[in-house]
Amino acid sequence: MQSRRQGEKLVAALWLAFTLLPRPPQAAAGEVIIEIYPTQTFQRMLGFGAALTESSAWLLQNELTESQRTNLLAELFDPTQGIGLTLLRHPMGSSDFRLEDYTYDDMPPGETDFALTNFNVSRDELWIIPTLQEIVSINPQIAIVGSPWSPPAWMKTTTNLYGGRLRTDCYEALAQYFLKYVQAYSNHSLHIHAVTLQNEPLFEPGDYPGMYLSPTGAIRLASLVGSCFQSNGLDTEIWICDHNWDNYGYAIEVLNDSEARAYVSGSAFHGYAGDVLAQTLVHDQHPDKDVHFTELSAGDWSGGFASILEYDALNLLIGVTRNWGSSILKWNLVLDQNHGPKIAGGCVDCTGVLTLDTSSGEITRNADY
């Protein structure tokens with residue numbers, strides 16, 4: 024009985040103390056009260072941006088005059104005079120938005136190049152690298168993320184850029200391929216902030232470059248790439264998964280491996296399937312690793328400007344950041360009025376952040392913008 028009375032007195036005392044605490048102001052009709060807790064911090068944002076595919080780079084270099092391109096890139100990337108995009112993803116070799124299929128070490132059928140003596144980025148030197156260099160001159164703080172859709176065909180079980188898996192004897196060669204890519208871009212005064220190991224690794228497209236890479240394969244590759252970067256003094260980060268939210272278990276499985284985890288800085292997600300809450304599930308398992316959002320495209324299927332803007336505000340601007348996302352990347356930076364230019368394969372009605380009408384020269388700033 025004595026214990027019960029003491030408990031009742033404690034409850035009464037706590038209730039009295041609670042009623043004496045300062046109460047937050049009550050919002051009047053039509054007003055909103057926002058409470059700020061300056062000591063409570065979450066993730067640090069890396070940035071926002073889009074992908075400089077070969078299609079986008081070709082348009083910028085071939086359908087605009089030099090002054091038009093400079094003005095447009097300043098509008099996109101200048102942190103004071105423009106909208107200040109700070110992040111760019113670009114395919115390491117061709118994606119589905121390309122003018123032809125290529126990698127950095129293509130060989131004739133039946134031939135291999137384990138020493139990577141044929142490695143070169145000459146195709147990127149046509150349009151992608153000059154565009155990146157101009158963007159960096161406008162905003163030196165830009166972070167560049169490289170993502171491969173497929174390694175060279177000779178490294179794959181299909182000996183084809185479409186579909187297939189990495190040959191078991193090519194993991195070391197592919198790790199060196201990543202190293203040479205970062206070094207080659209550095210020779211063009213372009214720092215690669217991060218690489219993802221494989222775009223959408225659980226999907227094998229049949230009409231554009233791609234490759235299946237299992238979590239076990241990603242664990243092995245992450246360890247090899249990380250070791251190559253470390254031994255060569257590179258600070259380029261490694262992001263794993265780079266696939267839809269519904270594949271979040273992939274990221275957890277890779278990060279659960281102690282060797283791979285030592286080299287991996289975070290996981291990356293796309294928004295074509297699943298729920299953004301998956302990012303928190305990964306973060307809760309590995310709170311010391313970053314979470315990134317690396318791709319979502321709008322298109323003719325999206326319901327128009329208002330629908331796209333509403334979806335992105337809810338799921339990306341709010342959803343990604345509330346679920347530990349440090350970056351948000353949309354897909355193509357710019358496409359033409361025909362959803363290209365591109366050769367056949369992949370998305371046929373995707374839209375970009377910008378639409379450049381090649382017949383009139385008009386630039387439309389879409390909901391992504």
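Residues 24 to 392 (this note's numbering) are what the sequence shown spells out, left to right.
For every residue, glycine included, the Cβ atom is placed at its ideal position computed from N, Cα and C.
Since the structure is predicted, the reported quantities are computational estimates derived from the model, not experimental observations.
For the alpha helix (DSSP H) holding residue i, just list the boundary residues, first then last.
i           : result
residue 78  : 77-85
residue 160 : 151-161
residue 331 : 328-335
residue 378 : Element bounds for residue 378: not the alpha helix (DSSP H) but the beta strand (DSSP E), 377-379.
residue 362 : First-last for residue 362: undefined, no H or E at that position.
residue 282 : 281-286
residue 303 : 301-308
Provide the residue(s) that pair with residue i in DSSP beta bridges, ordered along the chain.
i           : result
residue 355 : 74
residue 215 : 167
residue 261 : 218
residue 386 : 379
residue 145 : None, per the DSSP bridge assignment.
residue 266 : 292
residue 179 : 189
residue 209 : In DSSP, residue 209 forms no bridge with anything.
residue 322 : 373
residue 173 : Residue 173 pairs with nothing; no bridge assigned.
residue 350 : 70
In the DSSP assignment, the beta strand (DSSP E) including residue i goes from what residue to what residue?
i           : result
residue 249 : Counting along the chain, residue 249 falls outside any beta strand (DSSP E), though it belongs to the alpha helix (DSSP H) covering 238-254.
residue 133 : Segment: none, residue 133 is in no beta strand (DSSP E) and carries neither H nor E.
residue 400 : The structure shown does not extend to residue 400, since the chain is modelled only from 24 to 392, so the question has no answer here.
residue 112 : 110-114
residue 289 : 289-293
residue 121 : It is not in any beta strand (DSSP E) - residue 121 carries neither H nor E in the DSSP assignment.
Please name the residue, chosen from the options, that lies closest to residue i on a Cα-to-Cα basis.
i           : options            : result
residue 264 : 280, 230, 224      : 224
residue 242 : 364, 311, 282      : 282
residue 269 : 296, 246, 71       : 296
residue 358 : 341, 336, 384      : 384
residue 64  : 210, 353, 347      : 347
residue 178 : 123, 137, 311      : 137
residue 204 : 128, 70, 180       : 128
residue 235 : 191, 309, 251, 216 : 191
residue 121 : 366, 86, 189, 389  : 366
residue 139 : 244, 391, 253, 200 : 200
residue 256 : 209, 325, 220, 386 : 209
residue 182 : 167, 131, 215, 166 : 131
residue 233 : 145, 239, 110, 171 : 171
residue 194 : 361, 323, 244      : 244
Using a 10 Å radius around the Cβ and a threshold of 16 neighbouring Cβ atoms, would you call residue i buried or exposed?
i           : result
residue 267 : buried
residue 25  : Low per-residue confidence applies at residue 25: pLDDT is 49, beneath 50, and the placement is therefore not dependable enough to give any value.
residue 345 : exposed
residue 37  : Confidence in residue 37 is poor, its pLDDT being 48 and thus under 50, which makes the residue's placement unreliable; the coordinate value appears in the next sentence. It counts as exposed.
residue 99  : buried
residue 318 : buried
residue 351 : buried
residue 162 : buried
residue 151 : buried
residue 112 : buried
residue 148 : exposed
residue 324 : exposed
So, with DSSP's three-state summary, where would you put residue i?
i           : result
residue 55  : coil
residue 369 : coil
residue 344 : helix
residue 140 : coil
residue 90  : helix
residue 127 : coil
residue 235 : strand
residue 396 : The question about residue 396 has no answer here: the residues shown for the chain are numbered 24 through 392.
residue 199 : helix
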